[in-house]
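Sequence lines, in order, name chains A and B. Everything in the first sequence is counted per numbering that gives the first Met the number 0, starting at 0 for the first residue and increasing by one. Everything in the second sequence is counted per numbering that gives the first Met the number 0, starting at 0 for the first residue and increasing by one. We put the beta carbon where it would ideally sit given N, CA and C, even for glycine. Notes for the one structure printed next.
Protein chains: 2
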Amino acid sequence: MPGTKQAASTKLTQEEISLYADMFAALGSEPRLRIMRILLSAHPDGMVVGDVAAELDVTASTLSHHLDKLKSEQLVHVQREGTFLRYSANTVALERLLGFLYAECCTRNKAVEPKKVVCCK
Amino acid sequence: MPGTKQAASTKLTQEEISLYADMFAALGSEPRLRIMRILLSAHPDGMVVGDVAAELDVTASTLSHHLDKLKSEQLVHVQREGTFLRYSANTVALERLLGFLYAECCTRNKAVEPKKVVCCK
DNA sequence: ACCGTAATTCGACAATCATCAAAATAGTTC
DNA sequence: GAACTATTTTGATGATTGTCGAATTACGGT
Numbered sequence: 000m001p002g003t004k005q006a007a008s009t010k011l012t013q014e015e016i017s018l019y020a021d022m023f024a025a026l027g028s029e030p031r032l033r034i035m036r037i038l039l040s041a042h043p044d045g046m047v048v049g050d051v052a053a054e055l056d057v058t059a060s061t062l063s064h065h066l067d068k069l070k071s072e073q074l075v076h077v078q079r080e081g082t083f084l085r086y087s088a089n090t091v092a093l094e095r096l097l098g099f100l101y102a103e104c105c106t107r108n109k110a111v112e113p114k115k116v117v118c119c120k
Numbered sequence: 000m001p002g003t004k005q006a007a008s009t010k011l012t013q014e015e016i017s018l019y020a021d022m023f024a025a026l027g028s029e030p031r032l033r034i035m036r037i038l039l040s041a042h043p044d045g046m047v048v049g050d051v052a053a054e055l056d057v058t059a060s061t062l063s064h065h066l067d068k069l070k071s072e073q074l075v076h077v078q079r080e081g082t083f084l085r086y087s088a089n090t091v092a093l094e095r096l097l098g099f100l101y102a103e104c105c106t107r108n109k110a111v112e113p114k115k116v117v118c119c120k
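Next up, the structure:
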């Protein structure tokens with residue numbers, strides 16, 4: 000059965016590259032990377048903002064800005080639950096990002112051996 | 000034989016997280032992501048700065064700053080060759096970064112299916 | 001020692017980012 | 001609809017980033 004994803008031979012447009020760069024940038028700050036890890040460990044349920052805040056030592060407004068950034072790069076989803084907002088990791092976006100990095104390193108060029116990434120006890 | 004890499008159960012220290020965040024940040028700008036792609040496609044030989052510049056439409060000094068950033072996050076190596084400087088992708092660092100992201104998404108939490116990243120025509 | 005080429009470093013500037021406190025919005029409950 | 005809680009938005013500020021041109025360093029050849 001054929002894969003549903005981008006073929007390895009597909010050329011990336013400039014906009015796509017720019018999009019991936021923005022996603023990397025979103026992950027490229029310690030608080031935000033931490034937020035993503037927190038949300039991932041709560042996956043697929045996600046967490047409400049207050050509970051994320053409890054693990055992070057930032058003010059509510061700062062956290063909100065970070066969540067907003069992650070949201071605008073599509074790395075997270077939001078969903079209202081009464082007065083709460085529940086954020087969760089967007090696995091589709093993460094899959095794409097991971098697939099991109101994997102392709103760059105392992106497929107398009109054989110720079111990194113797949114084994115070293117995937118396997119290992 | 001035991002793997003040489005971090006076991007899946009290893010807990011990441013705060014400094015490690017911060018380190019990965021910095022690496023993501025280094026990839027999180029369009030010119031730099033493009034530079035990495037260029038260097039990867041020239042892997043393992045790498046390229047001298049002038050040849051990188053030829054594909055990028057940025058001034059020499061801007062390029063130099065970007066390369067410096069990539070270098071300080073260990074994503075590239077430099078090596079002098081006469082008057083030229085040859086930059087190349089640091090596969091060890093990329094492997095670690097890719098391994099981290101893979102672990103976060105696929106191993107530590109089963110958020111993303113390995114198949115979707117690795118395989119696929 | 002001098003010249004030419006490669007690349008970096010310096011100095012400057014605008015733009016973006018991270019953060020906070022305070023005000024505003026959204027929703028629930030009474 | 002008033003009070004309460006959860007969260008965002010606004011406004012402000014200092015810090016970092018991206019970029020450029022000019023000056024500088026590094027190296028090789030003559």
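Chain-order list of residues whose beta-carbon lies under 6 Å from that of A:L26 (same chain, five-residue window excluded) = Within the same chain, A:L26 has close Cβ partners L32.
Where does A:E112 fall in DSSP's three states?
-> Collapsing the DSSP output to three states places A:E112 in coil.
Where B:H76 falls: helix, strand or coil (DSSP) | Correct three-state label for B:H76: strand.
Beta carbon of B:A24, beta carbon of A:L39: below 7 Å?
-> No.
Would A:I16 count as contacting chain B if we go by Cβ distances under 7 Å?
-> With 7 Å as the cut-off, A:I16 counts as an interface residue toward chain B.
In whole angstroms, what is the alpha-carbon distance linking B:E72 and B:D21?
-> Straight-line Cα distance between these residues: approximately 7 Å.
May I ask you to report which of helix, strand or coil DSSP gives B:A41?
-> Correct three-state label for B:A41: coil.
A:H76 to B:L84 span [Cα, whole Å] = Between A:H76 and B:L84, the C-alpha separation is close to 44 Å.
Note down the Cα distance separating A:M46 from A:R107, rounded to an integer number of angstroms.
-> If you take the alpha carbons of A:M46 and A:R107, they lie about 37 Å apart.
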